[in-house]
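Enquirer: Read top to bottom, the protein sequences are chains G and C. Residue numbers for the first sequence follow our numbering, beginning at 1223 and rising by one. Residue numbers for the second sequence follow our numbering, beginning at 1490 and rising by one.
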Amino acid sequence: MIKLNGDPYEVAGPLTVAELLARLDIDSRRVAVEHNLAILKRDTLDRTTIADGDEIEIVNFVGGG
Amino acid sequence: MDTFTIAGKTFSSRLIVGTGKYSSPAVMVQAHEASGAEMITVAVRRVNLDRTKESLLDYIDTSKYFLLPNTAGCYTADEAVRTARLGREVGLSNWVKLEVIGDEKTLFPDNEALLEATRVLVREGFVVLPYTNDDPVVCRKLEEAGAAAVMPLGAPIGSGLGIQNTNNIRIIREFARVPVIVDAGVGTASDAALAMELGADGVLMNTAIAGAQEPIAMAEAMKLAVRAGRLAYLSGRIPRKMYANASSPVEGLVGR
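1) Closest to K1586/C by CA distance: which of A1515/C, D1550/C, V1639/C, A1697/C is it?
2) For the putative contact between Y1620/C and E1593/C, defined by C-beta atoms under 8 Å, what is the C-beta separation to the nearest angstrom?
3) Taking the alpha carbon of R1574/C as the point to measure from, which residue in K1263/G, E1232/G, R1269/G has its own alpha carbon closest?
4) Is there at least one Cβ from chain G nearer than 8 Å to G1525/C's Cβ?
5) To be precise: take each residue of the region 1504-1535 of chain C, compare its Cβ to all Cβ atoms of chain G, and keep it if any distance is under 8 Å. Which residues remain?
6) To which residues of the same chain is A1708/C closer than 6 Å at the C-beta, ignoring the five residues directly before and after it?
7) Within the same chain, show all residues whose beta-carbon is closer than 7 Å to that of V1516/C, passing over the 5 residues directly before and after it, in chain order.
8) Considering only residues of the same chain and omitting the five flanking positions on each side of N1654/C, which have a CB-CB separation below 7 Å?
9) Report the partner residues of V1617/C according to the DSSP bridge assignment.
10) Is the CB-CB distance between P1598/C and G1576/C below 8 Å?
11) Helix or strand or just coil, what does DSSP make of Y1231/G?
12) If A1634/C sits next to R1608/C, beta carbons under 8 Å apart, how far is it from one beta carbon to the other, in whole angstroms?
13) Under the assumption that D1690/C contacts G1643/C (Cβ atoms under 8 Å), give the Cβ distance between them as a whole number of angstroms.
14) So, does the region 1273-1285 of chain G touch the region 1240-1255 of chain G, judging by three or more C-beta pairs under 8 Å?
15) Using a Cβ-Cβ cut-off of less than 8 Å, give me the residues of the region 1269-1287 of chain G that come near chain C, in sequence order.
16) Could you tell me if D1672/C is buried or exposed, where buried requires 16 or more neighbouring beta carbons within 10 angstroms of its beta carbon?
17) Can you give me the Cβ contacts of L1596/C inside the same chain, cut-off strictly under 7 Å, excluding the 5 residues immediately before and after it?
18) Tell me which residues of the region 1554-1584 of chain C have at least one Cβ-Cβ distance to chain G shorter than 9 Å, keeping chain order.
19) Under 8 Å, do G1482/C and G1287/G count as touching if we go by C-beta distance?
20) Evaluate V1739/C with the Cβ neighbour count: other Cβ atoms within 10 Å of its Cβ, from every protein chain shown; 16 or more gives buried, anything less gives exposed.
21) Which stretch, first to last residue, makes up the alpha helix (DSSP H) that contains L1723/C?
22) I want to verify the contact list: residues of chain C whose CB lies under 9 Å from the CB of I1224/G, in sequence order.
23) Does DSSP put L1693/C in a helix, in a strand, or in coil?
24) When you check each C-beta in the region 1620-1636 of chain C against every C-beta of chain G, which residues fall closer than 8 Å?
25) Please report the residue range of the beta strand (DSSP E) in which M1528/C lies.
26) Return yes when at least one heavy atom of the ligand MG lies under 7 Å from the C-beta of M1490/C, else no.
27) Could you tell me which chain C residues have their CB closer than 7 Å to the CB of N1177/G, listed as they occur along the chain?
Structure, rendered in structure tokens:
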């Protein structure tokens, strides 16, 4: 179990952030990911492994002023 | 060509527009087009995990528009810095419209936190455009902290009240050595023209266009108003006089 955007989220076994994004059908070029409060550079997404209890935030651009 | 430059980047349009509150993406796209703006603001938020296919960026031609991520909704310097860093990672640009809000009802900025966040982000190499009070002293401090422009409010965000303190905007322009962009408070075209006549280098707005009954037409009105106001400012207006001063000659009147 991890915390994804503030909510509990079930993950089966270890996976990378890139794999999580793929599972969520999210284009990694349009988001930023924070892993336990550290912002990940895009080229590290497939090298960063998510462990039980980790906190992940995925953000993108939305309409604003 | 009357261009203006922020942190080495030159723009020919002095109007900056937002992407919020539009009734549909199609209306937003057409309004952006009609506004002639080259820089548009976006917000940074958690992705909607239920509707991940929808993306604002599907509707924005990033080869045509320069994206300015904001830190709207942040109430502390830490939150704003965190949001700015995330925005940089999404958009791969180091520009940020820095907002640190101090009050929920008025959305007035928290000057102290804004200054603190500006210093941190400037140190990290950000081009910081802070949304600030219409206070010349705060604007000067932001400039000293390394802000690339200052963006004083004309009136509360989304209020449409127009420029409430024209004198302050004029003084801010006189003091500042960085571009001054009036951000927030514009309700209609004359407000935007007035901001430019006061000497502002640009105007940033969202609700005035997105919330208009005809957003696309209003976007064009704003484009023309910003241009008209700028030309009037450059042209040097006549002094205000108490009494009339005839435009037609007083000599040669028939029957005198």
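A virtual CB, placed ideally from N, CA and C, is assigned to each residue, including glycine.
Expert: In short:
1) Taking the first residue of the second sequence as position 1, residue 1586/C is located at position 97. Nearest neighbour of K1586/C by Cα position, chosen from A1515/C, D1550/C, V1639/C, A1697/C, turns out to be V1639/C.
2) Residue mapping note: residue 1620/C aligns to position 131 of the second sequence, counting from 1. Residue mapping note: residue 1593/C aligns to position 104 of the second sequence, counting from 1. The C-beta separation of Y1620/C from E1593/C comes to about 16 Å, leaving the pair out of contact by the 8 Å criterion.
3) Stepping through the second sequence from its first residue, residue 1574/C is reached at position 85. Closest option to R1574/C, Cα to Cα, is K1263/G.
4) Your numbering for residue 1525/C matches position 36 in the second sequence. At a cut-off of 8 Å between C-beta atoms, G1525/C does not count as an interface residue with respect to chain G.
5) Hits within the stretch, in order: G1507, T1508, G1509, K1510, Y1511, M1517, T1530, V1531, A1532, V1533, R1534, R1535.
6) Indexing the second sequence from 1 puts residue 1708/C at position 219. Excluding residues within five positions, the ones whose Cβ falls inside 6 Å are A1520, A1523, S1524, I1698.
7) Sequence index remark: in the second sequence, residue 1516/C carries index 27 (1-based). The answer, listed in chain order, is P1704, I1705.
8) Taking the first residue of the second sequence as position 1, residue 1654/C is located at position 165. These residues qualify, in order along the chain: D1623.
9) Within the second sequence, residue 1617/C is the residue found at index 128, counting from 1. DSSP, once it has assigned bridges, lists V1585/C as partnering V1617/C.
10) Position 109 of the second sequence holds residue 1598/C. Position 87 of the second sequence holds residue 1576/C. No, the Cβ-Cβ distance between P1598/C and G1576/C is not below 8 Å.
11) By one-based count along the first sequence, residue 1231/G stands at place 9. Strand at Y1231/G.
12) For the purposes of this step, residue 1634/C is taken as residue 145 along the second sequence, with counting starting at 1. For the purposes of this step, residue 1608/C is taken as residue 119 along the second sequence, with counting starting at 1. Yes, A1634/C and R1608/C are in contact; Cβ-Cβ is about 5 Å, under 8 Å.
13) The residue given as residue 1690/C occupies position 201 in the second sequence. The residue given as residue 1643/C occupies position 154 in the second sequence. Your pair D1690/C and G1643/C does not check out as a contact, with CB atoms roughly 14 Å apart and the cut at 8 Å.
14) The region 1273-1285 of chain G is in contact with the region 1240-1255 of chain G.
15) Taking 8 Å as the upper bound on Cβ-Cβ separation, chain C lies near residues E1279, I1280, V1281, N1282, F1283, V1284, G1285, G1286, G1287 of the region 1269-1287 of chain G.
16) Here residue 1672/C refers to the residue found at position 183 when the second sequence is read from its first residue. Counting Cβ neighbours within 10 Å, D1672/C comes out buried, since at least 16 surround it.
17) The residue you call residue 1596/C lines up with position 107 of the second sequence. I1590, P1645, I1646.
18) Those would be L1556, P1558, N1559, A1561, G1562, R1571, T1572, R1574, L1575, G1576, R1577, E1578, V1579, G1580, L1581, in chain order.
19) Limits of chain C in this structure are 1490 at one end and 1745 at the other, which puts residue 1482/C out of reach.
20) Reading the second sequence from its first residue, position 250 is the one you call residue 1739/C. Under this definition V1739/C is an exposed residue.
21) Taking the first residue of the second sequence as 1, we reach residue 1723/C at position 234. Element bounds for L1723/C: 1704-1724.
22) Residue mapping note: residue 1224/G aligns to position 2 of the first sequence, counting from 1. Within chain C, no C-beta atom comes less than 9 Å from the C-beta of I1224/G; the nearest is roughly 13 Å away.
23) Residue 1693/C sits at position 204 when you count from the first residue of the second sequence. DSSP, reduced to helix, strand and coil, places L1693/C within a strand of the structure shown.
24) In summary, no residue of the region 1620-1636 of chain C has a CB separated from any CB of chain G by less than 8 Å.
25) Residue 1528/C sits at position 39 when you count from the first residue of the second sequence. That run of the beta strand (DSSP E) goes 1528-1535.
26) For the structure depicted, the ligand MG is absent and the ligand set is empty, with no information on it obtainable.
27) With chain G covering 1223 to 1287 only, the question about residue 1177/G has no answer from this structure.
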